[in-house]
Amino acid sequence: MAYLKRIVLTFLTLLSLTVPAAAQSDDPLVFATVHRPPFADTEGDQITGFSIDLMRAIADQLGHEVVFEPNTRFGDMLSAVRSERIDGAIANISITAERERTMAFSQPIFGSGIKIMIPNEGSGASIFALFTWDIALVVLRGLALLFFGGLLMWFFERRVQPYFGKPAREALFPSFW
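In C-alpha cells form, the structure reads like this:
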C-alpha cells in the first residue's frame, strides 16, 4: 500500500510541473470591454464601471495587474476572446447557447427583474396611504352592493323560507349570513 502511495504522489508531483508557465507569468491580464454604462464606461481617459471595478478586484486578489482594451463594437470584443488574442472580456455580456459553445463564462453577476426603489430617508408614506377617496368609494360601492343583494334575497325568499319571514329590519343581518 505504501508503494502505491509513493507512485501516486510521484505522479501528482510530475503532473504539477506541467502547469503552463503563462499561469505563473507576471504579464498583465488583458480584458476587452465595450462602452455599456454602468457596467463599462469611460471618464476622460479612465475606464470605469461596475464590471470594470469587479475585474480589478478579482485581478488584485489573484495578484495580477489587469489592462482593459476598449472596443467600439460588441462583436469585435467577442471575436478577440474567440481568437484568444486577449485573456477575456468584461461588460454586460449575455450568456447564450451559441456563445457557450465557443467561450467559457463565469456565473452571471447581474440579473434584471422588477425592483422597488424608495427614498433613503423615507417619504412618510405608510399603510394609511391606501386610504384614499378612490379606495373608500370602491369599498362603499361594495358594501352597497352587498346591502341591496341581501335585501333582494330577503324579498324573494320571505314567503318561501320561514327563516326570512321576519320584517326587513330584522331580516337584514340573516340575509347576509
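Heads up: the sequence shown begins at -12 in our numbering, then just goes up one per residue. Ideal placement from N, C-alpha and C gives every residue a C-beta, glycine not left out.
- Taking residue 56 as the centre and dropping the five residues before and after it, the same chain places the C-beta of 17, 18, 19, 20, 67, 73 closer than 8 Å to its C-beta, in chain order.
- Your pair residue 78 and residue 26 checks out as a contact, with CB atoms roughly 5 Å apart and the cut at 8 Å.
- In its chain, beyond the 5 residues on either side, 82 have a beta carbon closer than 8 Å to the beta carbon of residue 95.
- Within the stretch 112 to 149, the complete alpha helix (DSSP H) runs of at least 4 residues fall at 120 to 144.
- Under the DSSP assignment, residue 18 falls in the beta strand (DSSP E) whose first and last residues are 16 to 21.
- Contact between residue 131 and residue 141 is absent: CB atoms are separated by about 16 Å, not below the 8 Å threshold.
- With respect to the 9 Å criterion, residue 37 and residue 118 are not classified as neighbours on the basis of their beta carbons.
- Contact between residue 136 and residue 145 does not hold, since their C-beta atoms are separated by about 15 Å, which reaches or exceeds 8 Å.
- Secondary structure of residue 39 (DSSP, three-state): helix.
- Residue 15 places its beta carbon less than 9 Å from that of residue 52.
- Rounded to the nearest whole angstrom, the CA to CA distance from residue 31 to residue 50 is 27 Å.
- Beyond the five residues adjoining it in sequence on each side, residue 41 comes within less than 8 Å, by CB distance, of 77, 96 in the same chain, given in chain order.
- Assigned with DSSP and collapsed to three states, residue 55 falls in strand.
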